[in-house]
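Asks: Before we start, here is the structure in question, set down as structure tokens.
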């Protein structure tokens, strides 16, 4: 058996390597600025301690803390630990949305499939996110994708993105997953007049593809959301929100019912080429399979260094309020939409079915995160939603990781013959990941790259990856400065 080569990564200056460079604050960092940030970090003991402690714990071992999703989903799913040697057509590493959707679609095609999860179902990003179902990428719009990938491949990827939320909600309905799914739309409001003009242009790009999208003026944003500080924006009518933990547990149950074997507390420790196919070892068992699909995203470890070094895991914090009074709920997100605005330091909010708001963000420094974040988000919500009042508090707070790529695009990689991976959802991992499962199932069955919705490429290592992942959140300070200056 021949182990997969653990390819190295360069340590040169960070440079913009794609036509999407204008989106990439991390890629545009010079080696000098990275060095300065690292020196600053080393001189501040509290920051240094917090950064190191964050990364000394493996991502799937980090506590969910006081998660609203955990508190509001008392049902638990029981899956075994792999303790034997099993065989399958395909082994999927990672039981999040993408991995479970892949397993479901493979099983429906009659393929035998094994899913390995390092923690428990929903303990990673799929159970920690804000649950917004968004049919759009973080930064790229259809014209950007055409420029980046060419007219044919770019438009194909844009159509895939545009249909991802509808695909997700349709699958939820088909499977009968009780995950508090609300498909009333997602709004991207503009925080400045210039961003409002840009938002209208981008909405028209989606409309040209046939996406269910409408332009909004300031009054339209306020009528649907109750937010008064915005200058316009656009709404994706297919978008919405779900209870993310109930969704991932529902997908696991559906995949298992279709014939997939799911094992938890069974981290993949080694992947080796075997005859035939591949062998994946865990602490207590082994899977022999013809093909391997990797869907770990921000929770990638050292199993595939080239994949791990192509994405930066950024810690993202969530807060859930107490149940709001009926009078407030009639004026704050009255249309049950989800919103996330155009700021670099993004402001977002979504309602829950029991009348709470979920919001949050990124912190430049994670020290004492709960009181600091509560203070910041309380002030932010009061400014965005003047009808919110004071009769509420934060009852839950938790965090997880978002996988960020240099170009803010998801990437489909072929790590070796028969080994494919999808990474880099960049905060859009509910709709995109669920929809991508169908594509990954096709890739695992040998479908040509030309027939896949996302172009297949080789992973590119982020220069100075170990440093970048520790100082990336300091870019938030620049985002905030830019947000204040935009007109």
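Residue numbers (the numbering used here): 6 to 492. Virtual Cβ for every residue (Gly too), placed ideally from N, Cα, C.
1) For residue 377, which option in 323, 426, 356, 424 has the closest C-alpha, if you only look at C-alpha atoms?
2) How many whole angstroms separate the CB atoms of residue 144 and residue 413, which I take to be in contact at a CB cut-off of 8 Å?
3) Taking the alpha helix (DSSP H) that residue 179 belongs to, which residues open and close that run?
4) Which class does residue 487 belong to by DSSP, given the choice of helix, strand or coil?
5) Which one or two residues does DSSP pair with residue 399 in a beta bridge?
6) Which first and last residues belong to the beta strand (DSSP E) in which residue 418 is found?
7) Which parts of the segment 367 to 393 are runs of the alpha helix (DSSP H), unbroken and 4 residues or longer, counting only runs that do not cross its ends?
8) Go ahead and label residue 262 buried or exposed: buried means 16 or more other beta carbons lie within 10 angstroms of its beta carbon, across all protein chains shown.
9) Short of 6 Å in beta carbon distance, which residues of its chain neighbour residue 93, apart from the five on each side in sequence? Order them along the chain.
10) With a CB to CB cut of under 6 Å and the five nearest residues on each side skipped, what residues in its chain are close to residue 227?
11) Let me make sure I understand the geometry here. Which of 476, 460, 469 has the alpha-carbon closest to that of residue 155?
12) Mapping the DSSP letters down to three states, classify residue 223 as helix, strand or coil.
13) By the DSSP assignment, the alpha helix (DSSP H) with residue 261 in it spans what residues?
14) Assuming residue 302 contacts residue 328 (C-beta within less than 8 Å), just tell me the rounded distance between them.
15) Compute the beta-carbon to beta-carbon distance between residue 270 and residue 91, rounded to the nearest angstrom, for a pair I have assumed lies under 8 Å.
16) With a cut-off of 8 Å, do at least 3 Cβ pairs link the segment 283 to 297 to the segment 419 to 427?
17) By how many angstroms is the C-alpha of residue 107 removed from the C-alpha of residue 438?
18) If I'm right that residue 111 touches residue 446 with Cβ under 8 Å, what's the distance once you round it to whole angstroms?
19) Tell me the residue span of the alpha helix (DSSP H) that contains residue 149.
20) On the DSSP letters alone, give me the boundaries of the beta strand (DSSP E) that residue 91 sits inside.
21) Please name the residue in 466, 464, 467, 448 whose C-alpha comes closest to that of residue 458.
22) For residue 279, which of helix, strand or coil comes out of DSSP?
23) Output the distance between the C-alpha atoms of residue 382 and residue 374, rounded to the nearest integer angstrom.
24) List the residues that DSSP assigns as beta-bridge partners of residue 296.
25) In this structure, does DSSP put residue 199 in helix, strand or coil?
26) Tell me whether residue 442 sits in a helix, a strand or coil according to DSSP, three-state version.
27) With a threshold of 8 Å, are at least 3 pairs of Cβ atoms found where one atom belongs to the segment 180 to 196 and the other to the segment 337 to 355?
28) Mapping DSSP to helix, strand and coil, what is residue 228?
29) DSSP puts residue 193 in a beta bridge; with which residues?
30) Answer yes or no: do residue 467 and residue 317 have a C-beta to C-beta separation smaller than 8 Å?
31) Sorted by chain position, which residues of the same chain lie with C-beta nearer than 6 Å to residue 177's C-beta, five sequence neighbours on each side aside?
32) Indicate whether at least one CB of chain B lies closer than 8 Å to the CB of residue 332.
33) Keeping to the same chain, check which residues put their C-beta closer than 7 Å to that of residue 158; ignore five residues upstream and five downstream.
34) Residue 205 and residue 237: beta carbons closer than 8 Å?
35) Decide if residue 101 is buried, meaning its Cβ has at least 16 other Cβ atoms within 10 Å, or exposed.
36) Quick one: what's got a C-beta closer than 7 Å to residue 519's C-beta in the same chain, skipping five residues either side?
Replies: Reading it off the structure:
1) 323
2) 4 Å
3) 169 to 180
4) helix
5) 326
6) 416 to 421
7) 374 to 389
8) exposed
9) 117, 118, 119, 294
10) 233
11) 460
12) helix
13) 249 to 263
14) Actually they do not touch by this definition, with Cβ atoms about 32 Å apart.
15) Going by Cβ atoms, the distance from residue 270 to residue 91 rounds to 15 Å, so no, they are not a contact pair.
16) yes
17) 9 Å
18) 5 Å
19) 147 to 154
20) 90 to 98
21) 448
22) coil
23) 12 Å
24) 95
25) helix
26) helix
27) yes
28) helix
29) 239
30) yes
31) 186
32) Judged by its chain identifiers, the structure shown contains no chain B, having just a single protein chain.
33) 460
34) yes
35) buried
36) Because the chain is modelled from 6 through 492, residue 519 falls outside the range shown and cannot be assessed.
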